[in-house]
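So in the numbering used here, spot 260 of the sequence shown is number 271, and the numbers just go up one at a time. For reference, the structure is listed below as structure tokens.
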Amino acid sequence: MADDFLRDVLEKHIAEGSDNTIWWDEERIPLHTIDQRVTDVMSLKGRKAVVTGGAGINLGQAIVNRLAGLGADVAIVDQEPEKAAALQVSWGRRPGPSAEELAKTVADRWGVEAVGIYGDALDPTGIRAILAEANERLGRIDILVNSAVATYVGELATVTPEQIDSAIAGTLAAPIHSCRAVLDYMIPQRYGRIVNIGSEASRTALPDLGLYGTLKAGVAEFNRHLGKEVAKYGVFVNGVNAGSMWGPNRELLPDTWQTLYDHGRTAIQRYQLPEEVANMVAFLASDAASSIVGTTVDVGGGMSL
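In structure tokens:
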């Protein structure tokens, strides 16, 4: 509690009497933004970002491009190319570019520094190694987006103990480990923005997503607790609940009852673009969100309404 701002202020008031100027401290309140355009406040120029699952054809790449488009230098984290390609094929998807290939494309497109980093972002030891490399190559870490995930899709009545443990590790434990590791970089510099990717399945029951939705609800609750704890260090933690996004190959998903049910549940009555979700990620990563803490924003087109 020694670093708790509120406690320090209250003790000062008790010892010395009231001094309300402490609440208007220009070093803690972004007064310089009052006369700025929102677009200026949203600039990420000079910021250093890490995106796990960043080479993902769907949301990962959208987040990377949104952050880079606002000026951030980006570390794109993904598995080794052979392993990542095999995983995509096993899901019936077209393999995308490797993290290094995507980094070159992003750097050329947006004029920022972009680097590819390979490793297992879902493993506690792996994420520490990844963040250490990102810090070394970019010089610091200002922004962390936890987009990587491994989970279970299917009915709760048939899930096995092994599948439960694997889903917990890849959906809930992984972002907790990642956040814990990045605090070692963000707290000393008294600045950081963490955005954890959630799901509208955490807010409404959807077919075959019971375990996934339960664990993503845990991520949202984690955002609240960690956000409350570390905001005093200038580290803001928030989340984004994605909904039913367009297919990972930029193709329409087949009309199965599950896919029709998902986007039929939305208020907008359509699929989302990954970029629509990434817009909120970029906003929360910027100083335009300087008073938003511990919040998980629904960006699923009204799926949970």
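No residue lacks a Cβ here, since even glycine has one placed at the ideal position from N, Cα and C.
If you compare alpha carbons, which of the options is closest to residue i?
{"i": "D119", "options": "G82, V88 and T136", "result": "G82"}
{"i": "D298", "options": "T50, W257, I25 and P108", "result": "T50"}
{"i": "G254", "options": "F247, R276, L149 and E240", "result": "R276"}
{"i": "G313", "options": "I128, H236 and R281", "result": "R281"}
{"i": "G64", "options": "S101, V230 and V85", "result": "V85"}
{"i": "V251", "options": "E144, M53, S158 and L17", "result": "S158"}
{"i": "Y129", "options": "E93, A184 and S101", "result": "E93"}
{"i": "I154", "options": "V123, V206, Q200 and P199", "result": "V206"}
{"i": "P106", "options": "K115, A114 and A96", "result": "A96"}
Could you give the DSSP three-state label for residue i: helix, strand or coil?
{"i": "V126", "result": "strand"}
{"i": "G203", "result": "strand"}
{"i": "L194", "result": "helix"}
{"i": "V160", "result": "coil"}
{"i": "E22", "result": "helix"}
{"i": "L155", "result": "strand"}
{"i": "Q174", "result": "helix"}
{"i": "N146", "result": "helix"}
{"i": "A216", "result": "coil"}
{"i": "G137", "result": "helix"}
{"i": "G181", "result": "helix"}
{"i": "M291", "result": "helix"}
{"i": "T267", "result": "coil"}
{"i": "A132", "result": "coil"}
Where DSSP assigns a beta bridge to residue i, which residues make up the other side?
{"i": "N252", "result": "G209 and D309"}
{"i": "V246", "result": "G203"}
{"i": "Q280", "result": "None, per the DSSP bridge assignment."}
Locate the alpha helix (DSSP H) running through residue i, then write down its first and last residues.
{"i": "T225", "result": "G221 to V241"}
{"i": "D119", "result": "A110 to W121"}
{"i": "V304", "result": "No alpha helix (DSSP H) holds V304; DSSP gives it neither H nor E."}
{"i": "I74", "result": "L70 to G80"}
{"i": "L98", "result": "P92 to S101"}
{"i": "A66", "result": "From DSSP, A66 is part of no alpha helix (DSSP H); its letter is neither H nor E."}
{"i": "D51", "result": "V49 to V52"}
Within the continuous beta strand (DSSP E) that includes residue i, where are the two ends?
{"i": "T63", "result": "K59 to T63"}
{"i": "I87", "result": "D84 to D89"}
Touching by the beta-carbon criterion (3+ pairs, under 8 Å), the segment 73-91 and the segment 107-117: yes
Are at least three pairs of beta-carbons, each pair with one atom in the segment 164-183 and one in the segment 73-82, less than 8 Å apart? no
Cβ pair count under 8 Å reaching 3, the segment 236-248 against the segment 187-199: yes
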